[in-house]
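**Student:** Here this note's numbering runs 959 ahead of the position in the sequence shown, where the first position is 1. Glycine included, every Cβ here is placed at the ideal spot set by N, Cα and C. So that we are looking at the same thing, I have put the structure below in structure tokens.
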Amino acid sequence: MRYLFLFSLVLSAGAGAGAQTARPNIVFIMADDHAAQAMSCYGSRINQTPNLDRIAQHGIRFDKAFCTNSICAPVRATILTGKFSHRNGVLDNLYPFDGSQPTAPKLMQQAGYQTAMIGKWHLKSDPTGFNYWKVLPGQGAYYNPDFLTAGGREHYEGYATTLITDFALDWLQHRDTSRPFFLMLHHKAPHRNWMPEEKYLSLFDSVAIPEPLTLFDDYATRSDASRQQQMRIADDMDLAYDLKVWEAGSASDTWFRRETDAFLKELTPHQRETLVAAYASENNRFLQANLRDSALIRWKYQRYIKDYLRCIQSVDDQVGRVLDYLENSGLAGNTLVIYTSDQGFYLGEHGWFDKRFMYEESYRQPLLMQWPAVIPAGTASDALVMNVDLAPTFLDVAGSAVPADMQGKSLKPLLAPGRTLPAWRDATYYHYFEYPAVHAVKRHYGLRTKRYKLVHFYFDIDAWELYDLDKDPGELQNVYENPAYYNIRNALLLRLQQLQEYYGERPEDYLAPLRADTLEHLGRNAGLSLISMSGQCFSKDTAHFLTDGLYRDFSVYNAGYNEGYGGFRGNPLEAILDLGKPTAILEAGLHCRQVTQSWIYYPSLLQVSVSDDGQNFRPAGQIEVPAEQADGTRWLSVKNISETARYVQITAIPVAGIPAGMPGSGQKAWLFADELLLR
Ligand SMILES: [Ca+2]
Ligand SMILES: [Ca+2]
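Given below as structure tokens:
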């Protein structure tokens, strides 16, 4: 009631002040990994989200909203640019965002909006296009987080979800009230490792959260992609890091243990005491029970889902504070409030946590909007929408032109269902790239219509899946090979091709398998000693890789894929090849690669020396390698050597340090090589 009253108040104020008050404000609130199935307005069986439900009640709930690449950083780049990953350059969580490209906030800022970005950013480069920004470094911390600002790094005591909201409200209160505003408020929660706020540590203590129907999925009809992932509650959760059994968990030298110990160390004594005490008795019972098999999975699910939902309860509270502020300050009527998540998440469905797959639970994202001046209360839409639509929507709502090269469509025409609806899309398009990588979800692309979903897994697999979502909403029956679906399948395969053409993506740019070319040369299978093996070395198989005669040219996107390469950090690569007998040598060198985003650089100097006894070496030539900007692979060698010797030493000196302006600037560079060449 209070809300309706304020709404009419704003409308009459707007009418009195004339047309210049028309430009609406936008508050875009995004959680991280918050699945729609954990929101009561989406029919959650496991929790209540009263404040998020307020947005749905006052506005519109999108029931078929999907991300274009289900992982944190790529989603953020897509929301800023209105472009798919292959166009905005952020294919995976490893690559930084190029902030010089046009973005919605930048264009709105130019159109006179005040813009702010507060919370999780995760794009590695500094935010651009914002009058004000205050962002978590990387994933950020739940407790006592640091924030990055234009003025430097700041440290705060407290809980991230609350602090982010405090900063957002503070910015709203101190904004220039003569201009409209665009606020991006991005929560870190409920991202792994699901660390609840102190006051919610015992929420759900006495209840058993219902299990998803597919907690014990056997993946019977699906491709190996679903079997070969590493995101199972059963196998891939760490007892200490993920499940807060601080007393147990992984050995001291693992990443999980180090992170857990660092987390506990960063807490204030009071926080530490409260957190440790909250889990202690249940942990003791668990450790004594010595659970196995399904009982162990069930226990892990309960611990995981309760912490996940506890984090969401804090998000819900804090969204409530923002809604209250907008209502109490009279801004609510002409402010578009959006609530969404960067993607969905597995809450035990298929036995999983995490995201990445194009299956519904992580593909779908919650999307709620309220804007009383325009959107009728309590509406729902089943239009197929994508996160690539958000940037055009921001601009359209702000009255700014949407650049022609943005790939999404403004959702504004869908917001007032009284009007004639525009022709809308019949299918969404998806492409996930980050493989090989953490969680081992294979690369795949696909489309979803209202009824069907077609997915192609590729790279080190070639597998298709087709689901009839009307008959099989849980996606348990892959019908790709079912003759009853051949006609549908063919139509969808054609549609997929059309979508790829429409969005300007060529699958062959990413399809190249990891083909290794063979090269016959004198050093192949020669005896090899690596002098610099004592330094930090990427792979234990380096010595083998360097003389196996195989080399790989990466002309396509290759994520963090280093198969077949040996890497050296900071130290020179110093190798001695033993040819067994005196041999005429004309050329010596190596095949190496440069991936600047991963701190991998070509060497700066290549030296060759030879020896008859393996002890006394004489110089045989060297070349300086001019710095190269572009990533790629290349052969580097000293030619015209004209020596006869049994032993050849090849030394590649890395660049002195990573150049200014590049990721990792000033740090030691890596040197990656996959073959030593001897002719
Ligand atoms: Ca995420
Ligand atoms: Ca090799």
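Could you give the distance in angstroms between the alpha-carbon of A1239 and the alpha-carbon of E1225?
**Tutor:** Distance between the alpha carbons of A1239 and E1225 is about 19 Å.
**Student:** Using a Cβ-based criterion (distance less than 6 Å to any ligand heavy atom), does L1545 qualify as near ligand 2?
**Tutor:** No, the beta carbon of L1545 sits no closer than 6 Å to any heavy atom of ligand 2.
**Student:** Please identify the residue among H1398, D1164, A1100 and L1489 whose C-alpha is closest to the C-alpha of E1533.
**Tutor:** Ranking H1398, D1164, A1100 and L1489 by Cα distance to E1533 puts L1489 first.
**Student:** Rounded to whole angstroms, what's the CA-CA distance from T1501 to L1487? Just pull it up for me.
**Tutor:** Going by the C-alpha atoms only, they are around 11 Å apart.
**Student:** Taking 7 Å as the threshold (C-beta atoms), are P1395 and Y1520 in contact?
**Tutor:** Going by C-beta atoms, Y1520 is nearer than 7 Å to P1395.
**Student:** Measure how close the beta-carbons of C1026 and N1346 come, nearest whole angstrom, since I'm counting them as under 8 Å.
**Tutor:** Confirmed, Cβ separation roughly 5 Å.
**Student:** F964 to A1357, Cα distance in whole Å?
**Tutor:** Model confidence at F964 stands at a pLDDT of 40, short of 50, so the residue's coordinates are unreliable; what they give is reported in the following sentence. Straight-line Cα distance between these residues: approximately 25 Å.
**Student:** Taking 7 Å as the limit between beta carbons, can you name the residues of its chain near R1454, skipping five residues before and five after?
**Tutor:** A1386 and L1406.
**Student:** Among residues of its own chain, excluding the 5 on either side of Q1324, which ones have a beta-carbon nearer than 6 Å to its beta-carbon?
**Tutor:** Cβ within range, chain order: A1024, C1026, T1299, S1300, Q1302 and G1303.
**Student:** Would a C-beta distance cut-off of 7 Å place L1142 and A1075 closer than the cut-off?
**Tutor:** Yes, Cβ-Cβ distance for L1142 and A1075 is below 7 Å.
**Student:** Roughly how many angstroms separate the alpha carbons of L1172 and R1134, rounded to a whole number?
**Tutor:** Each residue's Cα considered, the two are about 48 Å apart.
**Student:** Quick check on R1638: does DSSP put it in helix, strand or coil?
**Tutor:** In the structure shown, R1638 sits in coil (DSSP, three-state: anything other than H, G, I, E or B).
**Student:** Return the chain-ordered list of same chain residues with a C-beta closer than 7 Å to the C-beta of S1003, the five sequence neighbours on each side being excluded.
**Tutor:** Once the five neighbours on either side are set aside, the close Cβ partners of S1003 are Q996 and A997.
**Student:** In terms of residue numbering, what span does the alpha helix (DSSP H) encompassing N1599 cover?
**Tutor:** Per DSSP, N1599 belongs to no alpha helix (DSSP H) and is neither H nor E.
**Student:** Rounded to whole angstroms, what's the CA-CA distance from A1015 to G1058? Just pull it up for me.
**Tutor:** Spanning the two alpha carbons is a distance of roughly 33 Å.
**Student:** With H, G and I counted as helix, E and B as strand and the rest as coil, what does DSSP make of W1629?
**Tutor:** Three-state DSSP puts W1629 in a strand.
**Student:** So if I measure from each beta-carbon to every heavy atom of ligand 1 and keep distances below 5 Å, which residues remain?
**Tutor:** Checking every Cβ against the heavy atoms of ligand 1 under 5 Å gives D991, D992, C1031 and D1301.
**Student:** Going along the chain, which residues of its own chain have a beta-carbon closer than 8 Å to the beta-carbon of R1280, five neighbours each way excluded?
**Tutor:** Taken in chain order, the residues that qualify are T1124 and L1128.
**Student:** Please report the distance separating the alpha-carbon of G1482 from that of L1635.
**Tutor:** Rounded to whole angstroms, G1482 to L1635 spans 7 Å at the Cα level.
**Student:** What ranges does the beta strand (DSSP E) occupy inside the segment 1316-1395, keeping only unbroken runs of at least 3 residues that lie completely in it?
**Tutor:** Qualifying beta strand (DSSP E) stretches, in chain order: 1326-1329, 1338-1340 and 1387-1391.
**Student:** Can you grab the Cα-Cα spacing for the pair M1328 / D1183, in whole Å?
**Tutor:** Going by the C-alpha atoms only, they are around 38 Å apart.
**Student:** Following the continuous beta strand (DSSP E) through D1105, name the residue where it begins and the one where it ends.
**Tutor:** Note, D1105: beta strand (DSSP E), D1105 to T1108.
**Student:** Can you tell me which of the three DSSP states Y1267 falls into?
**Tutor:** DSSP places Y1267 in helix when its eight states are reduced to three.
**Student:** Figure out for me which residue from A1579, Q1588, A1586 and Q1608 has the closest Cα to the Cα of I1600.
**Tutor:** Per the Cα distances, A1579.
**Student:** Does the beta carbon of D1633 fall short of 6 Å from some heavy atom of ligand 2?
**Tutor:** D1633: yes, Cβ under 6 Å from ligand 2.
**Student:** When you measure from the CB of D1507 to every non-hydrogen atom of ligand 3, does any distance come out below 6 Å?
**Tutor:** Because ligand 3 does not appear in the structure shown, any question about it cannot be addressed here, the ligands present being ligand 1 and ligand 2.
**Student:** Is there at least one non-hydrogen atom of ligand 2 closer than 6 Å to the beta-carbon of F1141?
**Tutor:** No, since every heavy atom of ligand 2 falls outside the 6 Å radius drawn around the Cβ of F1141.
**Student:** Use the C-beta contact count for P1562: other C-beta atoms within 10 angstroms, 16 or more gives buried, fewer gives exposed.
**Tutor:** Answer is buried; the Cβ neighbour count reaches 16.
**Student:** From this set, R1035, K1409, F1043 and Q1187, which residue's C-alpha is nearest E1460's C-alpha?
**Tutor:** Ranking R1035, K1409, F1043 and Q1187 by Cα distance to E1460 puts F1043 first.
**Student:** The alpha helix (DSSP H) that contains E1232, what's its start and end?
**Tutor:** Counting along the chain, the alpha helix (DSSP H) containing E1232 begins and ends at P1228 to A1248.
**Student:** For E1393 and F1576, I'd like the C-alpha separation in whole angstroms.
**Tutor:** Taking the straight line joining both Cα atoms gives about 45 Å.
**Student:** Please classify G1721: is it buried, with 16 or more other beta-carbons within 10 angstroms of its beta-carbon, or exposed?
**Tutor:** Only positions 960 to 1638 of the chain appear in this structure, which leaves residue 1721 out of reach.
**Student:** Could you tell me whether the segment 1270-1284 touches the segment 1198-1208, where touching means 3 or more Cβ pairs closer than 8 Å?
**Tutor:** No, they do not touch.
**Student:** Give me the DSSP bridge partner(s) of Q1581.
**Tutor:** According to DSSP, which records beta bridges pairwise, Q1581 is partnered with Q1566.
**Student:** Which one of D1313, M1196 and S1359 has the shortest CA to CA distance from P1149?
**Tutor:** Checking every option, the nearest Cα to that of P1149 belongs to D1313.
**Student:** Have a look at R1186 and G1463 and give me their C-alpha separation to the nearest angstrom.
**Tutor:** Using only the alpha carbons, I get a separation of about 31 Å.
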